[in-house]
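This report refers to the structure that appears directly beneath it.
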């Protein structure tokens, strides 16, 4: 039972965090493959990454697929997300946590930019 | 003659800025529609937005299409980019500068995340 956890940086601006929550709702409307799709924030906003994992487990997930919603592979992606997940791996040894590449490295980013330019 | 200017936040990490420069090279390899495709940084890295516009003009652009490479519509997108472009609009009154929505609001972002999750 897979869950999807979209991890964003988090902002002091409510509207910026709301954009992430809205995006997660769009994802949830597009697929029924995941037992739940959640957002979590590295900093400055809730739910935290810890809370996001807890929620996925409560929903019955045996695997959480983490999508780092970051454009570049800075320290947040390379270290901070791993560090936030480490205690959850200990807390839930049966749970598989799979971290995907950050969205900035995803296939299709260049095409999306070119479509945005034309649109 | 259209030019494309991808505006990213900019980072103290050279590798993060390099990711943007690499992305712009990928864009340039995918289309010959634009007279030039350039990256510029709002903060912390060069070229600046001002330098980016200058370069597009030198290349012969009559229109610069600005792509804000930001995931959420924070102050950077809503104010700072506009503020950086304002003096360039005065400097080049013949130049059309068109600002597109930030990449986080682009069509296809949800699909790209779902593909990333599956990949």
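Residue numbers (the numbering used here), protein chains in the order written: chain H, -8 to 110; chain D, -8 to 110. Heads up, the beta-carbon is just placed ideally off N, CA and C, and yes, glycines get one too. In this text the structure is predicted, and so the values were computed from the model without any measurement.
Query                                                                                                                                                                     : Result
Along chain H, in chain order, which residues have C-beta atoms closer than 8 Å to that of residue 91 (chain D)?                                                          : 107, 108, 110
Just to make sure I have the definition right: I need the residues of chain D whose C-beta is within less than 9 Å of the C-beta of residue 98 (chain H). Which are they? : 103, 106, 107, 110
Helix or strand or just coil, what does DSSP make of residue 9 (chain D)?                                                                                                 : helix
Measuring CA to CA, which of H:25, H:62, H:83, H:87 is closest to residue -1 (chain H)?                                                                                   : H:62
Give the residues of chain H in contact with residue 22 (chain D), contact being defined as C-beta atoms less than 7 Å apart.                                             : 105
Go to residue 55 (chain H), then tell me how far its beta strand (DSSP E) extends in each direction, as first and last residue.                                           : 54 to 59
Taking the alpha-carbon of residue 89 (chain H) as reference, which of H:49, H:96, H:44, H:98 has the nearest alpha-carbon?                                               : H:44
Report the three-state DSSP secondary structure of residue 64 (chain D) (helix, strand or coil).                                                                          : coil
DSSP beta-bridge partners for residue -4 (chain H)?                                                                                                                       : H:29, H:57
Which class does residue 41 (chain D) belong to by DSSP, given the choice of helix, strand or coil?                                                                       : helix
Is the Cβ-Cβ distance between residue 12 (chain H) and residue 57 (chain H) less than 8 Å?                                                                                : no
Could you tell me the distance, in whole angstroms, from the CA atom of residue 69 (chain H) to the CA atom of residue 15 (chain D)?                                      : 22 Å
Sort H:10, H:32, H:22, H:9 by Cα distance to residue 59 (chain H) and report the nearest one.                                                                             : H:32
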